[in-house]
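Numbering (our numbering), first residue to last: 1010 to 1765. Each residue gets a CB set at the ideal place from its N, CA and C atoms; glycine is no exception. No experiment lies behind these values; they were computed from the predicted model shown. Encoded as structure tokens, the structure appears first; notes follow it.
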């Protein structure tokens, strides 16, 4: 009786993509119909591997790809490594392994530093770890610095860490980046809207071809740029209007990269100096977007603004694609991608405009930005380490803001990062002996944080604000942790949260006091407009998150025990909305209207006040709340949402359908609440009235600060007949606004159940 027949290997005529999707393939070559109709899909056919097939490493000296010989006599692309090179690599690997073992045995004794060493050495010693090479059994994982500014990080869970061989893992990480990707640059795919999909799906090409394409494309793009004086204006606008409040670069270093880019265009510089090209183009695009119209007319009147803006946008994305982002990302390309994607974020539509968050979080983790650079023994300069921290914290902030706006958990795990806080030292002083000594004294607690006006101060208002912004983000992340925790909120939780809100408000006010509201300096990090804006924005942040207590207060189980807390919550929400109106209306702040109110909208505060006015239309402070809401609605543009203005022109703030629907909901709820109170919902103050009131308040605010008076920000209600001062905001402890249990809970659950 014969045994079972041996199955014969068969070759598949179906392309790889159709076989993976388990769909019928028409087997058309070189591209089947299904793959041709699916954007971003590469159609690849494979010759069947039959029994007896022999793979050989074929030495090659020409530029073409190596081949693999098989029994059919055909050839297919594969990696060809000469046997001599393999032996050479094995010998080098053995020598390096011996060297590492020797270094590990002697490293600890070599790190003994005399006590009278220089401050720079002492600061470096404070950041050193016991081993000179990143240890594989440490919690930090493996971190590798590669060429062209590339870094690669993998945690200790990476499968190759099991082998416990540092050199093998480093070799593997570098080998993963041995090939780059490049696709022919066409206009139509970039205008299809699926930019991320195109970026993620590109076929591999040799690194040499990639470098040649980068040089060619960079030169071609440079020819499309506006005149040098216009680009200089865009660049300075980026530094003054963007970098001052969202630092992602080191200003002196980035300015040098910008000049190198123009040297490349003129042919006087190195041909391959293009690593910062995507970031330079992204910064230029941001400059066109956020500059004021009056400045544009002064510097670039001969150019059509929308045309230049669109052209720079696609050029920056092409540069990102050529640089193989996100597959071979660098800190610079990640920063460029963040600028291009986050500058137009809209809080009303977090899932539409912030779908890129998952990409930037993963790329940041791949680059190791979530780990403190001083914990690794790789050669990272003080400036490079600070840039890495800046980019990481901005990614972290975007994740938190999107989580707050969308009601979804943040993507970044609470225990997955240990990056240090941002430095408050001015950009030009980073890495100096004075800066290192100051940072070390702060860590030791032997000195207090400097104020801008202190003698020999090395801090700037921009850096003080940036650090305060991250402290606000960390506080908001703590609230999110409570929100998405598994335990229900109790009265004790509410009390502790109130104490945390009060403590945070006090800390943020102390930080704001370190910034002078007036200065004789005129620099992007320190000027009158920036200082006033940063001071007011920090004050607003202190009131911003009191809305978090609103839902627990109105919860049936604990509302009676905490009825006296509701007036405090309402008071702080009104205070936040008033400060927000000042930021959005005052013409001194128009350089930052792309951020406030462009990115950020007071949705929580408006909804909370609407809910309170509807609940108690005849309350002692309901008129004030209605007046403040009317002021906010008066600042809304035709596209939806509160918009800034430049002279007589509103700053465009385009919204998708979801954003329009959010504001339509607010308008409907306002109309219902106003009608219930017997007020005509069609009666609104003009934008000019609100702007005038905001300017008066800003002038009063500056006077109080310069006189040493603690600013109260207690605006009067806006009378529609004029700008008459009438009354102050309520006292948070007032008993006239005590929580009333007579609430139609079914009605409110139906109207507001999915908003908080």
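{"Item": "Supposed contact pair residue 1672 and residue 1650 - C-beta distance, whole angstroms, cut 8 Å", "Value": "6 Å"}
{"Item": "Residue 1524 (DSSP reduced to helix, strand or coil)", "Value": "coil"}
{"Item": "Local conformation of residue 1308 per DSSP, three classes", "Value": "helix"}
{"Item": "Residues of its chain near residue 1267, where Cβ-Cβ distance is below 7 Å and the 5 sequence neighbours each way are ignored", "Value": "1244, 1289"}
{"Item": "Collapsed DSSP secondary structure at residue 1595 in the structure displayed", "Value": "coil"}
{"Item": "Where residue 1386 falls: helix, strand or coil (DSSP)", "Value": "coil"}
{"Item": "Candidates 1592, 1554, 1352, of which the one nearest residue 1577 by Cα", "Value": "1554"}
{"Item": "C-beta atoms of residue 1476 and residue 1431 nearer than 8 Å", "Value": "yes"}
{"Item": "Residue environment, residue 1024, which counts as buried when at least 16 other CB atoms sit within 10 Å", "Value": "buried"}
{"Item": "Beta-carbon gap between residue 1372 and residue 1349 smaller than 8 Å", "Value": "no"}
{"Item": "Assigned secondary structure, residue 1026 (DSSP; H/G/I helix, E/B strand, else coil)", "Value": "helix"}
{"Item": "Which residues DSSP lists as bridging residue 1658, in chain order", "Value": "1655"}
{"Item": "Stretch pair the stretch 1623-1630 + the stretch 1358-1375: three plus CB contacts closer than 8 Å", "Value": "no"}
{"Item": "Coarse secondary structure for residue 1581, derived from DSSP in three states", "Value": "helix"}
{"Item": "Of the residues 1606, 1254, 1384, the one placed nearest residue 1661, counting alpha carbons only", "Value": "1606"}
{"Item": "Sequence-distant residues of the same chain with beta carbon closer than 7 Å to residue 1537, five excluded per side", "Value": "1527, 1528"}
{"Item": "Segments assigned alpha helix (DSSP H), at least 4 residues, entirely inside the stretch 1305-1352", "Value": "1314-1331, 1340-1351"}
{"Item": "Per DSSP, the bridge partner or partners of residue 1154", "Value": "1160"}
{"Item": "Burial state of residue 1493, where buried means 16 or more other Cβ atoms lie within 10 Å", "Value": "exposed"}
{"Item": "Supposed contact pair residue 1667 and residue 1449 - C-beta distance, whole angstroms, cut 8 Å", "Value": "That pair is no contact at about 49 Å."}
{"Item": "Within 8 Å, strictly: CB atoms of residue 1233 and residue 1354", "Value": "no"}
{"Item": "Residue 1048 classed as buried or exposed, judged by whether at least 16 other C-beta atoms fall within 10 angstroms", "Value": "exposed"}
{"Item": "Between the CA atoms of residue 1447 and residue 1686 - distance to the nearest angstrom", "Value": "58 Å"}
{"Item": "Cross-strand partners of residue 1532 (DSSP beta bridge)", "Value": "1535"}
{"Item": "Nearest to residue 1700 (by Cα), restricted to the options 1659, 1684, 1415, 1030", "Value": "1659"}
{"Item": "Given 8 Å, three or more beta-carbon pairs between the stretch 1454-1461 and the stretch 1509-1526", "Value": "yes"}
{"Item": "Chain B within 8 Å of residue 1305, Cβ atoms only", "Value": "Any reference to chain B falls outside this structure, which holds one protein chain only."}
{"Item": "For residue 1469, the nearest candidate out of 1539, 1698, 1641 (CA to CA)", "Value": "1539"}
{"Item": "Coil, strand or helix - residue 1714 by DSSP", "Value": "helix"}
{"Item": "Backbone CA spacing between residue 1689 and residue 1250 [nearest angstrom]", "Value": "40 Å"}
{"Item": "Under 8 Å between C-beta atoms of residue 1269 and residue 1297", "Value": "no"}
{"Item": "Cβ neighbours of residue 1530 in the same chain (closer than 7 Å, five flanking residues each side left out)", "Value": "1536"}
{"Item": "Sheet register partners of residue 1645 (DSSP bridge)", "Value": "1651"}
{"Item": "Euclidean distance between Cα positions of residue 1255 and residue 1484", "Value": "19 Å"}
{"Item": "Collapsed DSSP secondary structure at residue 1032 in the structure displayed", "Value": "coil"}
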